[in-house]
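One structure is given here, and the rest of the page talks about it.
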Amino acid sequence: MVRRRVAQTRDQIKEKLVAALIEDHSPREVAMSFSVGVFLTALPTLGTGFLAFLVLAYLFRQLSKVALFASVLILNPPVKWGVYATSFWLGNRILGPVPGLSFDGVSMSMGGDVLVRLWAGNIILAVVFAAIGYVLAFRLINEYRRRQGQTAGVS
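Shown next as structure tokens:
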């Protein structure tokens with residue numbers, strides 16, 4: 001079941017990126033668009049990331065809208081819970097544990113400390129994911145266009 005879901009997600013991402021590949025954007029623009037999308041999607045924006053996508057797509061013509069929105073497929077809601085848990089863990093490793101936090105009792109007064117650790121870890125993960133997304137998208141785009149150039153010359 002997990003393998004099938006991963007394969008479906010991979011196929012969806014590939015389909016969206018291929019659509020971005022045939023747009024009139026340079027490989028750098030498509031890769032940067034995908035990277036920005038991955039960065040925003042990785043953050044705990046509680047739905048406001050979509051609004052940020054719309055604003056960015058409106059303000060910057062050089063952004064590939066398809067690549068920007070394709071990034072949502074990678075960090076979809078079920079995956080984000082794992083990202084949040086990892087972000088909180090990473091934030092705890094960097095900033096230390098939240099004083100008094102245990103599985104037995106959590107008080108609302110700890111909310112600020114929890115959020116700081118979540119955001120600290122999440123920003124680090126978002127930067128890492130965005131960098132990886134840029135490199136992978138850039139390579140995919142260049143390889144795809146190289147192959148398209150070869151097949152165009154053959155026909």
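Counting in UniProt numbering, the sequence shown runs from 1 upward without gaps. Even for Gly, the Cβ is constructed at its ideal location relative to N, Cα and C.
ask   = Relative to the C-alpha of Y84, which residue among L95, F69, W119, V128 is closest?
value = W119
message = Helix, strand or coil, according to DSSP, for N76 in the structure here?
response = coil
ask   = Excluding five sequence neighbours on each side, which residues of the same chain lie with their C-beta closer than 8 Å to the C-beta of F34?
value = L17, A20, S64, A67, L68, A70, S71, G133, Y134, A137
ask   = Quick one: is S87 buried, meaning 16 or more other Cβ sit within 10 Å of its Cβ, or exposed?
value = buried
task = Please work out which residues of its chain come closer than 8 Å, Cβ to Cβ, to G91, disregarding the five sequence neighbours upstream and downstream, and give them in chain order.
result = V116, R117, L118, W119, A120, G121, N122
inquiry  = Would E29 and Q62 be called neighbours here (beta carbons separated by less than 7 Å)?
reply    = For E29 and Q62, yes; Cβs fall inside 7 Å.
ask   = In this structure, does DSSP put L136 in helix, strand or coil?
value = helix
ask   = Where do the N-terminal and C-terminal ends of the alpha helix (DSSP H) with V36 fall, by residue?
value = 27-42
inquiry  = Quick check on DSSP: helix, strand or coil for R4?
reply    = helix
Span of the alpha helix (DSSP H), counted from its first residue to its last, around F60 = Per DSSP, F60 belongs to no alpha helix (DSSP H) and is neither H nor E.
key: Residue nearest to A131 in terms of C-alpha spacing, selected from V2, R4, A42, E15   = A42
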